[in-house]
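Read the structure below first, then the notes.
2 protein chains.
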Amino acid sequence: MSPTSALIVIGNEILSGRTQDANIRFLALGLGEIGAPLKEVRIIPDIRETIIGTINEMKARYDQVFTTGGIGPTHDDITASCVAEAFGVPLELHEESAALLKTHYGTDQFTSARQRMAMMPRGAMPITNAVSIAPGFSIGNVHVMAGVPSIMQAMFQSVRPNLKQGTPVTSRTWHALGLYESAIAAALEAVQDRYPDLDLGSYPFRREDGRRGVALVAKGTNVEHLDGAAAQIRSLIAATGETPVEGEPKP
Amino acid sequence: MSPTSALIVIGNEILSGRTQDANIRFLALGLGEIGAPLKEVRIIPDIRETIIGTINEMKARYDQVFTTGGIGPTHDDITASCVAEAFGVPLELHEESAALLKTHYGTDQFTSARQRMAMMPRGAMPITNAVSIAPGFSIGNVHVMAGVPSIMQAMFQSVRPNLKQGTPVTSRTWHALGLYESAIAAALEAVQDRYPDLDLGSYPFRREDGRRGVALVAKGTNVEHLDGAAAQIRSLIAATGETPVEGEPKP
Numbered sequence: 068m069s070p071t072s073a074l075i076v077i078g079n080e081i082l083s084g085r086t087q088d089a090n091i092r093f094l095a096l097g098l099g100e101i102g103a104p105l106k107e108v109r110i111i112p113d114i115r116e117t118i119i120g121t122i123n124e125m126k127a128r129y130d131q132v133f134t135t136g137g138i139g140p141t142h143d144d145i146t147a148s149c150v151a152e153a154f155g156v157p158l159e160l161h162e163e164s165a166a167l168l169k170t171h172y173g174t175d176q177f178t179s180a181r182q183r184m185a186m187m188p189r190g191a192m193p194i195t196n197a198v199s200i201a202p203g204f205s206i207g208n209v210h211v212m213a214g215v216p217s218i219m220q221a222m223f224q225s226v227r228p229n230l231k232q233g234t235p236v237t238s239r240t241w242h243a244l245g246l247y248e249s250a251i252a253a254a255l256e257a258v259q260d261r262y263p264d265l266d267l268g269s270y271p272f273r274r275e276d277g278r279r280g281v282a283l284v285a286k287g288t289n290v291e292h293l294d295g296a297a298a299q300i301r302s303l304i305a306a307t308g309e310t311p312v313e314g315e316p317k318p
Numbered sequence: 068m069s070p071t072s073a074l075i076v077i078g079n080e081i082l083s084g085r086t087q088d089a090n091i092r093f094l095a096l097g098l099g100e101i102g103a104p105l106k107e108v109r110i111i112p113d114i115r116e117t118i119i120g121t122i123n124e125m126k127a128r129y130d131q132v133f134t135t136g137g138i139g140p141t142h143d144d145i146t147a148s149c150v151a152e153a154f155g156v157p158l159e160l161h162e163e164s165a166a167l168l169k170t171h172y173g174t175d176q177f178t179s180a181r182q183r184m185a186m187m188p189r190g191a192m193p194i195t196n197a198v199s200i201a202p203g204f205s206i207g208n209v210h211v212m213a214g215v216p217s218i219m220q221a222m223f224q225s226v227r228p229n230l231k232q233g234t235p236v237t238s239r240t241w242h243a244l245g246l247y248e249s250a251i252a253a254a255l256e257a258v259q260d261r262y263p264d265l266d267l268g269s270y271p272f273r274r275e276d277g278r279r280g281v282a283l284v285a286k287g288t289n290v291e292h293l294d295g296a297a298a299q300i301r302s303l304i305a306a307t308g309e310t311p312v313e314g315e316p317k318p
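Line by line, the protein sequences give chains E and P.
Last residue of the first sequence: number 318 in our numbering, and the count goes up by one each step with no gaps.
Last residue of the second sequence: number 318 in our numbering, and the count goes up by one each step with no gaps.
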């Protein structure tokens with residue numbers, strides 16, 4: 068069995084619509100590559116009880132949990148404190164991270180707001196990264212990362228060697244212009260029944276030039292099954308009279 | 068109190084990273100406008116027990132719940148059946164919707180796959196829309212919509228008059244180039260303490276020209292409080308020596 072992953076997006080700015088999320092897809096692809104696929108995402112507000120409750124629920128249910136957001140220097144950055152409470156440990160200054168921040172900003176400019184960024188639950192390991200001096204951290208099976216996409220991405224690359232990994236998820240895609248889902252629904256279900264370990268999906272698309280069609284995607288970890296399913300998907304498209312084309316449609 | 072909303076995104080294609088979500092932000096903004104703000108989003112896979120359990124949990128916790136995805140004609144489109152089970156009612160053919168689909172496709176082409184798109188839980192009301200013949204539906208406090216963004220948006224406009232509404236959430240934003248969060252953290256917290264009913268956030272940004280800064284956003288339903296907080300936010304930026312500019316930064 069592949070290890071399972073879940074993501075908690077902590078941020079009023081996503082729930083209010085101010086910000087378009089740019090982290091979910093990056094993590095979904097990265098976790099698929101290391102064979103620890105994303106099984107659930109929750110987007111929750113900056114409310115203590117909600118954050119603590121969600122972390123407790125998710126860390127028990129999934130092999131590893133990621134959080135994004137809420138680790139900056141302002142009053143609404145309460146993620147570290149909530150993770151500490153979820154693990155039942157005190158929040159304290161991480162001396163090594165504090166020293167790095169102090170060197171970076173200078174002693175005069177290492178204000179109490181900036182000290183917040185070196186506060187971690189006792190026992191946490193910092194997630195250093197190339198983009199930001201302020202670190203994320205890992206504790207138990209929970210990995211706490213920044214919400215700013217460039218920093219989050221650097222933190223994920225940094226923590227990646229420490230993650231639980233499995234067999235990479237790969238996919239085979241065929242698409243056809245002019246195809247309708249209803250024309251292939253029964254045949255596609257038969258392929259799904261033959262390969263229950265794969266995840267088969269059909270996705271209607273509309274290209275920028277206005278032409279419509281459907282993409283059929285098989286995902287999984289067993290390459291032999293993927294190749295078998297892909298051949299059948301190609302055939303079932305051809306049986307409708309439309310032309311199967313390998314890969315995703317153009318935009 | 069404003070009514071609360073939650074969104075369940077049903078779709079393996081978001082969790083696998085195949086598809087960039089384009090629905091969350093649209094609904095977040097739309098629900099803010101009608102004063103029924105989005106309080107939680109869950110992205111879950113196409114697994115029966117997960118969908119049923121999540122619907123049951125969310126419809127008890129929030130005033131209204133939206134789902135997107137899983138209402139097409141293929142084997143992985145199981146949302147309607149799961150909603151029926153969550154409400155403890157049978158899934159059955161909605162005669163009026165079936166008649167519309169039959170007229171549209173013609174009797175010969177109204178295949179069993181297409182009939183799936185007229186299946187609804189008993190007692191559901193269809194959400195007709197201008198883009199797609201296949202409807203969504205509402206039952207109890209749950210509104211079931213398509214995953215394809217153009218269809219979802221049309222369905223939301225169609226169901227909007229039937230939704231629970233409250234005082235619209237509005238916002239005031241000031242930003243400044245060269246500003247650091249740590250420089251305003253304490254002053255911003257003081258504004259938050261003075262207006263506990265508002266949601267105050269600080270968001271670092273980096274423009275396309277490489278210049279960095281911070282945007283400060285006050286959100287809420289009380290316009291007098293918003294105006295008061297906005298004036299104080301303007302002042303606290305000016306006190307750092309940077310120039311406060313009203314509104315969001317340019318890209």
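Cβ coordinates follow ideal geometry from the N, Cα and C atoms, glycine included.
Mind pulling the chain P residues with CB within less than 8 Å of residue i?
i                : result
Tyr270 (chain E) : Glu80, Arg85 and Thr86
Glu256 (chain E) : Thr141 and His142
Please list the partners that residue i has in chain E, where partner means a Cβ-to-Cβ separation under 7 Å.
i                : result
Gly203 (chain P) : Neighbours of Gly203 (chain P) on chain E: none; closest Cβ ~15 Å, over 7 Å.
Leu96 (chain P)  : Gly84
Gln259 (chain P) : His142
Thr181 (chain P) : In the sequence under discussion, the amino acid at residue 181 (chain P) is Arg, which differs from the Thr named in the question. Here the neighbours are Ser249.
Could you tell me the distance, in whole angstroms, from the CA atom of residue i to the CA atom of residue j?
i                : j                : result
Ile110 (chain P) : Ala252 (chain E) : 24 Å
Val76 (chain E)  : Thr117 (chain E) : 12 Å
Val226 (chain E) : Ile194 (chain E) : 6 Å
Arg301 (chain E) : Ala153 (chain P) : 37 Å
Ala185 (chain E) : Tyr270 (chain P) : 19 Å
Ser83 (chain P)  : Leu98 (chain E)  : 9 Å
Thr206 (chain P) : Glu80 (chain P)  : Note that residue 206 (chain P) is Ile in the sequence shown here, rather than Thr. If you take the alpha carbons of Ile206 (chain P) and Glu80 (chain P), they lie about 26 Å apart.
Gly139 (chain E) : Leu168 (chain E) : 13 Å
Ala257 (chain E) : Ala298 (chain E) : 13 Å
Lys126 (chain P) : Val132 (chain P) : 6 Å
Asn196 (chain E) : Ile119 (chain E) : 26 Å
His142 (chain E) : Gln259 (chain E) : 50 Å
Glu107 (chain E) : Thr121 (chain E) : 12 Å
Ala305 (chain E) : Ser148 (chain P) : 31 Å
Glu316 (chain P) : Arg261 (chain P) : For clarity, residue 316 (chain P) is Pro in the given sequence; the question names Glu instead. Whole-angstrom Cα-Cα distance: 26 Å.
Glu313 (chain P) : Val209 (chain E) : 38 Å
Excluding five sequence neighbours on each side, which residues of the same chain lie with their C-beta closer than 6 Å to the C-beta of residue i?
i                : result
Val284 (chain E) : Ser238, Thr240 and Gly268
Ala151 (chain E) : Leu158 and Pro188
Met219 (chain P) : Asn90, Thr135, Met212 and Ala213
Ala254 (chain P) : Leu303
Ala221 (chain P) : Asn196, Ala197 and Val198
Identify the contact partners of residue i in chain E, using a Cβ-Cβ distance below 9 Å as the criterion.
i                : result
Thr178 (chain P) : Ser249, Ala250, Ala252 and Ala253
Arg109 (chain P) : Glu107, Val108, Arg109 and Ile110
Lys126 (chain P) : The contacting residues do not exist; Lys126 (chain P) stays about 16 Å from chain E at best.
Should residue i be flagged as near chain A, meaning a C-beta pair shorter than 7 Å?
i                : result
Leu230 (chain E) : The structure shown contains no chain A; the protein chains it does contain are E and P.
Does the beta-carbon of residue i have 16 or more other beta-carbons within 10 angstroms, so that it is buried, or is it exposed?
i                : result
Pro228 (chain E) : exposed
Asp175 (chain P) : exposed
Met68 (chain P)  : exposed
Thr170 (chain E) : exposed
Pro318 (chain E) : exposed
Glu179 (chain E) : Looking at the sequence itself, residue 179 (chain E) is Ser, so the reference to Glu does not match. Counting Cβ neighbours within 10 Å, Ser179 (chain E) comes out exposed, since fewer than 16 surround it.
Arg273 (chain P) : exposed
Glu248 (chain P) : buried
Asp144 (chain E) : buried
Asp113 (chain P) : buried
Arg85 (chain E)  : buried
Provide the residue(s) that pair with residue i in DSSP beta bridges, ordered along the chain.
i                : result
Ala285 (chain E) : E:Arg239 and E:Leu267
Gly203 (chain P) : P:Ile194
Gln259 (chain E) : Partner(s): none; Gln259 (chain E) has no beta bridge.
Ser72 (chain P)  : P:Leu105 and P:Gln131
Met184 (chain P) : According to DSSP, which records beta bridges pairwise, Met184 (chain P) is partnered with nothing at all.
Met212 (chain P) : P:Thr135
Glu313 (chain P) : P:Trp241
Glu159 (chain E) : E:Met187
Phe272 (chain P) : P:Gly280
Here's a check: name, in chain order, each residue in its chain whose Cβ is nearer than 7 Å to the Cβ of residue i, leaving out the five neighbours to either side.
i                : result
Asn289 (chain P) : Asp264
Thr310 (chain P) : Ala243
Ile94 (chain E)  : A quick correction: the sequence has Leu, not Ile, at residue 94 (chain E). Closer than 7 Å at Cβ, skipping near neighbours: Leu74, Leu105, Phe133 and Phe223.
Lys286 (chain E) : Val236, Ser238, Leu265 and Asp266
Gly190 (chain P) : Val156 and Ile206
Please list, in chain order, the chain P residues whose beta carbon lies closer than 7 Å to that of residue i.
i                : result
Pro140 (chain E) : Glu248, Ser249 and Ala252
Gly314 (chain E) : Per Cβ cutoff of 7 Å: no residues; Gly314 (chain E) is ~12 Å from chain P at best.
Val215 (chain E) : Pro271
Kindly list the residues whose CB is nearer than 8 Å to the CB of residue i, restricted to its own chain and excluding five residues on each side of it in sequence; keep chain order.
i                : result
Gln182 (chain P) : Leu160, Ala165 and Leu168
Asp88 (chain P)  : Val76, Ile81 and Ile110
Gln232 (chain P) : Pro70, Ile101, Gly102 and Ala103
Report the neighbours of residue i on chain P: residues whose CB is nearer than 9 Å to its CB, in chain order.
i                : result
Asp266 (chain E) : Asn79, Ser83, Pro112, Asp113 and Asp143
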